[in-house]
Structures are given as C-alpha cells and as structure tokens.
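Okay, so the sequence shown: first residue is 2 according to this note's numbering, each after it adds one.
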Amino acid sequence: MQAEVSANIGGMGNHNCRKCEASGTAEEVESNEGFHALFDAGILRTQEGIRQELQAQVRLACAGVAKPIAMRQTATGIKDAYTQQWIEDLLLRARAEKKENPRQSKAEIQSKLWQWVEDHEDIVYSPFLLLKGILEFLFE
Numbered sequence: 002m003q004a005e006v007s008a009n010i011g012g013m014g015n016h017n018c019r020k021c022e023a024s025g026t027a028e029e030v031e032s033n034e035g036f037h038a039l040f041d042a043g044i045l046r047t048q049e050g051i052r053q054e055l056q057a058q059v060r061l062a063c064a065g066v067a068k069p070i071a072m073r074q075t076a077t078g079i080k081d082a083y084t085q086q087w088i089e090d091l092l093l094r095a096r097a098e099k100k101e102n103p104r105q106s107k108a109e110i111q112s113k114l115w116q117w118v119e120d121h122e123d124i125v126y127s128p129f130l131l132l133k134g135i136l137e138f139l140f141e
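Listed below in structure tokens is the structure:
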C-alpha cells in the first residue's frame with residue numbers, strides 16, 4: 002500500500018525503493034560498487050519531486066506517444082497507479098484528436114490537452130500528492 006501511495010513502480014524500475022532513489026540499472030546493481038550501494042540510503046524522494054515527475058509523464062501523454070513515458074517510469078521508478086489511468090486516457094485523446102483533425106499540429110494538440118490537465122489537476126493526480134505533507138509519514 003505504501004509503495005502505491007508513494008507512486009513507486011516496485012521491482013520493475015531502476016530505482017525501486019519507495020523512500021529514496023537507491024538502486025540503478027541491472028548492470029549498475031550487479032557491479033561490486035552498485036551492489037554495496039544498495040545498502041546505503043540514496044537521495045530521499047519528496048512529494049514535490051514525485052509530483053514533478055508525474056507532471057512530466059502527463060505532459061508526454063498529451064503528445065500521444067507511450068514509449069517515452071514507459072522509459073521514464075522505468076528509469077525513475079515513479080509510476081502512480083492513480084495517475085496512470087489518466088496517462089492512458091490522454092494518450093487515447095491525443096491520438097483521437099490527431100485522427101479527427103490531421104491538420105492540427107502535435108504542439109497544438111499537446112497544448113490543448115495540457116490545458117485540460119491544468120484545469121482538472123485535482124482529478125488527474127492522486128490526492129496523496131496534492132495534500133501538503135501527506136507523504137511525510139512514508140519517508141520517516
């Protein structure tokens with residue numbers, strides 16, 4: 002439950018600790034130095050840092066391309082189950098918009114969808130990430 006609330010991707014990410022950014026790629030972790038680093042605390046995750054990463058993922062979704070989002074989620078270890086449903090919805094909307102209006106540029110579509118996200122921020126992002134101080138108990 003705490004991994005979900007803290008928007009952690011779990012064992013499938015390069016940074017699979019819900020509290021810090023410890024770990025790394027398979028090659029890094031398999032090295033002597035990387036393995037020993039697993040036993041030291043990494044840079045602590047923050048509510049603001051998680052929110053900023055999710056905003057970057059949502060902005061990519063507004064462009065209608067899924068692969069960069071998946072790559073970012075794996076690289077950072079941040080994937081929020083709540084926000085993921087909106088990421089998938091925005092990917093579909095971006096593709097549908099391009100199909101309906103082929104003359105509309107990718108930037109115009111992305112801007113339109115991003116404006117919708119900004120207007121509906123309270124439903125796009127997990128309430129745990131919008132409340133001040135709510136995640137502090139996860140990182141103690």
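Beta carbons: idealized from backbone N, C-alpha and C, even for Gly. Because the structure is a prediction, the values reported are computed rather than measured.
Next item on the list: Taking 7 angstroms as the cut-off, decide whether the C-beta atoms of Ala-71 and Leu-92 are in contact.
Entry: Position 70 of the sequence shown, counted from the first residue, corresponds to residue 71. Position 91 of the sequence shown, counted from the first residue, corresponds to residue 92. No.
Notebook entry, point to check: By Cβ distance, which residues of its chain are closer than 8 angstroms to Ile-124, with the 5 residues on each side in sequence left out?
Noted result: Here residue 124 is taken as the residue at index 123 of the sequence shown, counted from 1. So the qualifying residues of the chain are Trp-87.
Check: When DSSP labels each residue in this structure, what does Leu-132 get in the three-state scheme?
Finding: As a first step, residue 132 is located in the sequence shown; it is residue number 131 there, counting from the start. Here Leu-132 sits in coil by DSSP.
Note to self: If I follow the unbroken alpha helix (DSSP H) through Leu-93, where does it start and stop?
What the structure shows: As a working mapping, residue 93 is identified with position 92 in the sequence shown. That run of the alpha helix (DSSP H) goes 82 to 101.
Next item on the list: Return the CA-CA distance between Asn-33 and Gln-74, expressed in angstroms with no decimal places.
Entry: Start at 1 with the first residue of the sequence shown, and residue 33 comes out as number 32. Start at 1 with the first residue of the sequence shown, and residue 74 comes out as number 73. If you take the alpha carbons of Asn-33 and Gln-74, they lie about 25 angstroms apart.
Next item on the list: Count the other C-beta atoms from every protein chain shown that fall within 10 angstroms of the C-beta of Leu-77, then say buried if there are 16 or more, exposed otherwise.
Entry: Here residue 77 is taken as the residue at index 76 of the sequence shown, counted from 1. It is Thr, not Leu, that sits at residue 77 in the sequence shown. Per the 10 Å Cβ criterion, buried.
Note to self: On a Cα-Cα basis, can you pick out the residue from Gln-53, Glu-98, Phe-40 and Gln-56 that is closest to Gly-65?
What the structure shows: Here residue 65 refers to the residue found at position 64 of the sequence shown. Nearest of Gln-53, Glu-98, Phe-40 and Gln-56 to Gly-65, Cα basis: Glu-98.
Item checked: Local Cβ density within 10 Å of Arg-46, reported as buried at 16 or more and exposed below that -> Looking up residue 46 in the sequence shown gives position 45. Buried is the call here.
Check: Can you tell me the Cα-Cα spacing of Asn-102 and Ile-44, whole angstroms?
Finding: Along the sequence shown, read from residue 1 onward, the residue named residue 102 stands at position 101. Along the sequence shown, read from residue 1 onward, the residue named residue 44 stands at position 43. Straight-line Cα distance between these residues: approximately 44 angstroms.
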